[in-house]
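Below is one structure, written out as structure tokens; the observations come after it.
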Amino acid sequence: MRTERVNTHHRHYSEILDALKICFPSPVSNPVMDGYFVHTLSCFLDRVDGLKSASPILGSTLDGDYSAQRALPMPERMSSIEQITAMLADYCRGMVVWAHPNAQANVIPPPTIASITAFIASAIYNPNIIWDEYSARFAEAEIEAVAMLADLVGYERESAGGVFTFGGTGTILYGLKLALEKISGGRAMHEGIRKPYKILASGVSHYSRVNAAGWLGLGTENLVTVPTTLQNEMSLTHLESELRRRFEAGEEVAAIIATLGTTDAFGIDDLAAIADIRDALAEEYRLPYRPHLHADAVIGWPWSVFKDYDFELNPLGFHARTLRSLQDSVERIGLLHRADSIGLDFHKTGYVPYVSSAVLVKNRDDLALLSRDQAQMPYLYQFGHYHPGLFTLECSRSGAGALAALANLRLLGKEGYRVILGHSVEMSERLRELLEELDFVHILNGGNFGPVTLFRLYPPGIEAAAAYRRELTDPAYADILERHNRFNREIFDRMHAKAVKGEGVLLSWTDAYRDAGRGNGRIAAIKSFIMSPWTDRRTIDRVVDQVWRAWEVCGPGFSA
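Everything in the sequence shown is counted per the numbering used here, starting at 5 for the first residue and increasing by one.
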């Protein structure tokens, strides 16, 4: 039996390389290739534009079954830019359009064109801000952005410092690492953590505090949770008593995390009072150190632009209710300079794409506590003037976040941020005003002022405010609390199903706005987080109408 040989032509790699080069932007000026690049981006945008509709979702929603995706092998052959462009557009299906007026799901912004362009610039030229040799003026962008932010929050620009990092968790990680180095005399980096240092944070602070304590090797058991008030802020009474208890027991508190804008309710800790308590007790107990005070202001930091706003003249014409909200917020956020370090996210209320976060430190010299020996990196830093890679956690740090942040700081300035934040708060206050007129609705974070509103609905015949008070305080009401949670989930699911079809506004859900206390359970809530500049009064009226209609359908027939 004779075996036939298949005459297969194998192309030399140089033939394939010529085709491969088309997949990259041209390294030198080439009008044809540059035009092809622009055309490709335009084709992608055209395809995505075809997915837009009255729904705040691009195309159809996902079914959540990833079994087929997990079975895919690595392809053998190359594809074409055109095929992959079509594929990339298709992968945008199911994404929320955060700029859509009907998107009020979470603290995720629509990025500005300037910040998107900054990400494109970084994607093309691929800067790594561990060294100015690898990042050129992208490093300068980081230095400028940090200086502007230091000035905004009230730090001395000459002595302050900071870097952009991988998210809000990264900012807390940096803050806690600095705290551990300061309290250990700079030995923890080399010798490890030898004592069970304590970290204090409020019960409604972000769960990234748990990540940071665990990943740093400090251990989550050394993370002390301080109770909060009904205004979702750290209880100063409990903070002081907790600190006294720790100091009298001979324990060492490395850091206190204050939250300036909680994720769910926009609760704002009294940072100045926390700093005063810290300072007074450090002196009273004659501590050889002061606990590091980190401000987790990843959501609330932009409200600093209102520090010098003329609230009496009110040149931007905000309504009285909005003015009160902005003033109450900036009274505390305007004191960020009392913190030793601050975390700020631009990919939240800064209107920049993910990921763009910065950590600021009051004293730039503190960053030296995190430094490595340059001899450990013999292939870096032979020249240049900016070497943050000596102390950053990241060995690879994109320039995208820093350049995008600088783009928005320059594009918007204080005026632009005041307008977009003020508008979001104005729409949120409009929503609260209308919801307050519905006797079956109770607003949970009425004492917190920001673009987020959490609320619960109650079945017919139930007085909303009284029911909520019992949910918070009455152990005998625990079963009814769970019934009300299910009732709200049923209403939310109904509204959500309509919103993704373009028949309503997309809201979000939280399983635990807060613990009821005394083991009563957890209070769930429906949430509106307004971020889009396209959200208007008609959109707010639509939210209230859909809440009313969903309650009318679900209320009369509700049973446990």
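Ideal Cβ positions, reconstructed from N, Cα and C, are used throughout, including at glycine.
Asked: Would you please state the rounded distance, in angstroms, between the beta carbons of Leu275 and Ala262? I believe it to be under 8 Å.; Found: 5 Å
Asked: Report, in whole angstroms, the separation of the C-beta atoms of Val456 and Ala269, which I expect to be a contact under 8 Å.; Found: 7 Å
Asked: May I ask you to report which of helix, strand or coil DSSP gives Leu156?; Found: helix
Asked: When you compare only the Cα positions, how much space is there between Val32 and Asp38?; Found: 9 Å
Asked: Given a cut-off of 8 Å, decide if Ala205 and Thr229 are closer than it, judged by their beta-carbon atoms.; Found: yes
Asked: What number of angstroms, rounded off, separates the C-alpha of Asn132 from the C-alpha of Glu433?; Found: 42 Å
Asked: Compare the C-alpha of Val111 against each of Arg336, Tyr358 and Arg97 and name the closest.; Found: Tyr358
Asked: Would you list, in sequence order, the uninterrupted alpha helix (DSSP H) runs of no fewer than 4 residues that lie entirely inside the segment 29 to 85?; Found: 35 to 53 and 71 to 74
Asked: May I ask you to report which of helix, strand or coil DSSP gives Arg6?; Found: Unreliable positioning characterises Arg6 in this predicted model, as indicated by a pLDDT of 48, which lies under 50. A coordinate reading is not provided.
Asked: How would you label Glu8, buried or exposed, when you count the other beta carbons within 10 angstroms and need 16 or more for buried?; Found: Confidence at Glu8 is low in this model, with a pLDDT of 48, below 50, so the placement of that residue is unreliable and no value is reported for it.
Asked: According to the neighbour-count rule (16 or more other Cβ atoms, all chains shown, within 10 Å of its Cβ), is Leu511 buried or exposed?; Found: buried
Asked: Quick one: grab the DSSP three-state call for Leu330.; Found: helix
Asked: Does the contact criterion of 3 or more C-beta pairs under 8 Å hold for the segment 111 to 129 versus the segment 398 to 407?; Found: yes
Asked: Please report the distance separating the alpha-carbon of Ser83 from that of Pro60.; Found: 32 Å
Asked: Does DSSP put Ser239 in a helix, a strand or coil?; Found: coil
Asked: With 16 as the cutoff for other CB atoms within 10 Å, does Met5 come out buried or exposed?; Found: Note that Met5 scores a pLDDT of 44, beneath 50, so its modelled location is shaky; the value from the coordinates is reported in the next line. Label assigned to Met5: exposed.
Asked: With DSSP run on the structure shown, which of helix, strand or coil describes Ala411?; Found: helix
Asked: Classify Val10: buried if its beta carbon has 16 or more other beta carbons within 10 angstroms, exposed otherwise.; Found: Reliability of the predicted coordinates at Val10 is poor, the pLDDT of 48 falling under 50, and the value obtained from them is presented with this limitation in mind. Exposed, because fewer than 16 other Cβ atoms sit within 10 Å of the Cβ of Val10.
Asked: What does DSSP give as the partner residues of Ala362 in its beta bridges?; Found: Phe168 and Leu348
Asked: Going by DSSP, what residues sit across from Val456 in a beta bridge?; Found: Phe533
Asked: My guess is that Ser308 and Leu340 are in contact by the Cβ rule of under 8 Å, so how many angstroms apart are they, rounded?; Found: 6 Å
Asked: Can the beta-carbon of Lys531 be found less than 8 Å from the beta-carbon of Leu458?; Found: yes
Asked: Residue range of the alpha helix (DSSP H) that Ile281 falls in?; Found: Leu275 to Glu288
Asked: Taking Cβ to Cβ, would you say Ser119 is nearer than 8 Å to Ala411?; Found: yes
Asked: For the candidate residues Asn452, Ile147 and Tyr138, whose alpha-carbon lies nearest to that of Ala409?; Found: Ile147
Asked: Considering only their Cβ atoms, is the gap separating Leu348 from Leu371 smaller than 8 Å?; Found: no
Asked: Give the secondary structure of Ile134 by DSSP, where H, G and I count as helix, E and B as strand, and everything else as coil.; Found: coil
Asked: Flag this pair as yes or no: are the beta carbons of Asp545 and Tyr390 separated by less than 8 Å?; Found: no
Asked: Measuring only the C-alpha atoms, how far is Ala103 from Gly265?; Found: 22 Å
Asked: State whether the segment 165 to 177 contacts the segment 208 to 221, with contact taken as three or more CB pairs (one from each stretch) at a distance under 8 Å.; Found: yes
Asked: If you drop the 5 nearest sequence neighbours on each side, which residues of the same chain put their C-beta closer than 8 Å to that of Lys502?; Found: Gly508 and Gln550
Asked: To which residues of the same chain is Asn34 closer than 7 Å at the C-beta, ignoring the five residues directly before and after it?; Found: none
Asked: How is His298 classed by DSSP in three states: helix, strand or coil?; Found: strand
Asked: Whose C-alpha, out of Ser71, Leu461 and Leu415, is nearest the C-alpha of Thr116?; Found: Leu415
Asked: State the CB to CB distance for the pair Asp273 and Met238, rounded to an integer number of angstroms; the pair is presumed to be in contact (CB under 8 Å).; Found: 5 Å
Asked: Which residues in the same chain as Ser46 place their Cβ atom closer than 8 Å to its Cβ, once the five residues preceding and following it in sequence are excluded?; Found: none
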